[in-house]
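The structure appears right after this line, and notes come after that.
Number of protein chains: 2
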Amino acid sequence: MNPLKPPATADKLIAIAESLFAEKGFYGVSIRDLAEGVSIAKSSLLHHFPTKEKLYGAVLKKLADEMTLEVKEIRERFPDETEQIFQFVHLLCHNSEEKPNRENIILRELLDNPKRAEKARKWFFADYFREITDIIRSGQNKGAFKPVNPEIFILQLLGAHRYLIISLPTVKQFFDAAIYNRILTDHHVELEIFVRERLLKTES
Amino acid sequence: MNPLKPPATADKLIAIAESLFAEKGFYGVSIRDLAEGVSIAKSSLLHHFPTKEKLYGAVLKKLADEMTLEVKEIRERFPDETEQIFQFVHLLCHNSEEKPNRENIILRELLDNPKRAEKARKWFFADYFREITDIIRSGQNKGAFKPVNPEIFILQLLGAHRYLIISLPTVKQFFDAAIYNRILTDHHVELEIFVRERLLKTES
DNA sequence: TATCCTACCGACCGATCGGTAGACAGTCAA
DNA sequence: TTGACTGTCTACCGATCGGTCGGTAGGATA
Numbered sequence: 649m650n651p652l653k654p655p656a657t658a659d660k661l662i663a664i665a666e667s668l669f670a671e672k673g674f675y676g677v678s679i680r681d682l683a684e685g686v687s688i689a690k691s692s693l694l695h696h697f698p699t700k701e702k703l704y705g706a707v708l709k710k711l712a713d714e715m716t717l718e719v720k721e722i723r724e725r726f727p728d729e730t731e732q733i734f735q736f737v738h739l740l741c742h743n744s745e746e747k748p749n750r751e752n753i754i755l756r757e758l759l760d761n762p763k764r765a766e767k768a769r770k771w772f773f774a775d776y777f778r779e780i781t782d783i784i785r786s787g788q789n790k791g792a793f794k795p796v797n798p799e800i801f802i803l804q805l806l807g808a809h810r811y812l813i814i815s816l817p818t819v820k821q822f823f824d825a826a827i828y829n830r831i832l833t834d835h836h837v838e839l840e841i842f843v844r845e846r847l848l849k850t851e852s
Numbered sequence: 649m650n651p652l653k654p655p656a657t658a659d660k661l662i663a664i665a666e667s668l669f670a671e672k673g674f675y676g677v678s679i680r681d682l683a684e685g686v687s688i689a690k691s692s693l694l695h696h697f698p699t700k701e702k703l704y705g706a707v708l709k710k711l712a713d714e715m716t717l718e719v720k721e722i723r724e725r726f727p728d729e730t731e732q733i734f735q736f737v738h739l740l741c742h743n744s745e746e747k748p749n750r751e752n753i754i755l756r757e758l759l760d761n762p763k764r765a766e767k768a769r770k771w772f773f774a775d776y777f778r779e780i781t782d783i784i785r786s787g788q789n790k791g792a793f794k795p796v797n798p799e800i801f802i803l804q805l806l807g808a809h810r811y812l813i814i815s816l817p818t819v820k821q822f823f824d825a826a827i828y829n830r831i832l833t834d835h836h837v838e839l840e841i842f843v844r845e846r847l848l849k850t851e852s
């Protein structure tokens, strides 16, 4: 709780929870598994996070905060919206290699959220989604982007990326082994082409 | 088991299982829930499907068979690959309204499959995926399609669609209520534009 | 010294999990 | 009429679930 010197145990719990929830989903992981993952007793886990739901929420919040910050940094560092959107595509592809758990957890949350929404759970990724669509709106206001629906465009862009990422372990058998290493780079190029053709008004 | 006169109970179990697994995932549904859903005792369910896994597998097989058949019918009915791929996009959007459970189950299976693959589980949607990518390869052989990677192209197309569909319940708050009814049609149009720009060699 | 707080523990709780065993009624063929 | 088979039931099993309980060690405060 103390932001100056946070106890390492809570952070370790969030880390192992991110990994296990990504792999098996909320119901597929027990708090016993999580406690054993950081070598403490189950009741000690419940001292830090009084319910399993609270720990899951902490994982979502940490992910959402990180991702929102990344987009905000792009918007501050690059003044041009065209540059911003290509940096965002680069960020997507980069993070899928560096932090592969993210895509799994986000998709699981999208699948489960409507059911949990009854309990007045907030959607943790609302700020993140708003930041990205704001890039589109800003570029459209300056006349640089075509008048696509920002939300639909971003959902299709995120979907084209995330679906491929989570499918790779399953469908990689369909790819020739020789070209398998090029899939991610080819995919990255395809996403950039998609952005260029559907969003940019001027061809370079 | 008897194909001539299948007992209605097994079919009802598959139907309720499709609905509940789509909503809550494999671990989020108990065989008690499923049995109660068709008003029989839990042990009666286990008479028809000796394990929960077997029932889940039956659901996946039924979905995969239906979807593969739909694509095959398109390929038989329309000789032109360009027509086939647009019919396929239409099928995607149409089924998301008619059979909304499908997208959820398929995405959950993609998320969980790598873990279950250790048990030598086959991937039920392999034929389906092969049928669609074959459309691309066939069109490329005839010179009608650009030389995109068929698997990457289809994964991006499926992803752009399915991700938006499963996101809608969560993100619809971001859409203006007045245009909410137009989302699915706008999305359909965008998918067609994506296919036209990335796949077709000739512009109409 | 006395008190409080944080982090942790083992033991235990009621509920539910997937799955088994055995009985019973209906159907149908020998 | 008998016997096999099918579909259903109640009762039960050991294991595990998320969570509570009382208590302890140690450091900070007074």
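So the protein sequences, as listed, match chains L and E. The numbering of the first sequence is the numbering used here, which starts it at 649 and goes up by one. The numbering of the second sequence is the numbering used here, which starts it at 649 and goes up by one. Idealized CB from N, CA, C, for every residue including glycine. Quick caveat, the model's predicted, so the values are computed rather than measured.
- Counting only runs that start and end inside the region 718-802 of chain L, the alpha helix (DSSP H) elements of at least 4 residues fall at 729-746, 749-764, 774-789.
- Here the alpha carbon of D728 of chain L sits roughly 22 Å from the alpha carbon of N743 of chain L.
- Each of E:I780, E:L661, E:E779, E:F734 was checked against the Cα of P698 of chain E, and the nearest Cα belongs to E:L661.
- Between F823 of chain L and E799 of chain E, the beta carbon gap of about 6 Å places them in contact (Cβ cut-off 8 Å).
- For I831 of chain E, the enclosing alpha helix (DSSP H) has its first and last residue at 831-846.
- Going by DSSP, G673 of chain E is part of no alpha helix (DSSP H) at all; its letter is neither H nor E.
- For G685 of chain L, the nearest beta carbon of chain E is not closer than 9 Å to its own beta carbon.
- Nothing from the region 721-746 of chain E brings a Cβ to less than 7 Å from some Cβ of chain L.
- The residues T730, A792, F793, K794, in chain order, have a CB closer than 8 Å to that of L848 of chain L in the same chain once the five nearest residues on each side in sequence are set aside.
- In terms of beta-carbon proximity, L839 of chain L lines the interface with chain E, with at least one pair separated by less than 9 Å.
- Against chain E, a Cβ distance below 7 Å from L806 of chain L picks out Y811.
- Nearest to K763 of chain E by C-alpha distance, out of L:D659, L:A665, L:G676, L:A656, is L:G676.
- The Cβ of E701 of chain E sits no closer than 9 Å to any Cβ of chain L.
- Of the other Cβ atoms in all chains shown, 16 or more fall within 10 Å of the Cβ of Q804 of chain L; this residue is therefore buried.
- For the set E:T818, E:K790, E:I754, the Cα lying nearest the Cα of L806 of chain E is the one of E:I754.
- Straight-line spacing of the CA atoms in L832 of chain L and L693 of chain L works out to 38 Å.
- In chain order, L758, N761, P762, W771 make up the part of chain L whose C-beta sits under 7 Å from the C-beta of T818 of chain E.
- Nearest CB-CB separation between Q821 of chain E and chain L: below the 9 Å threshold.
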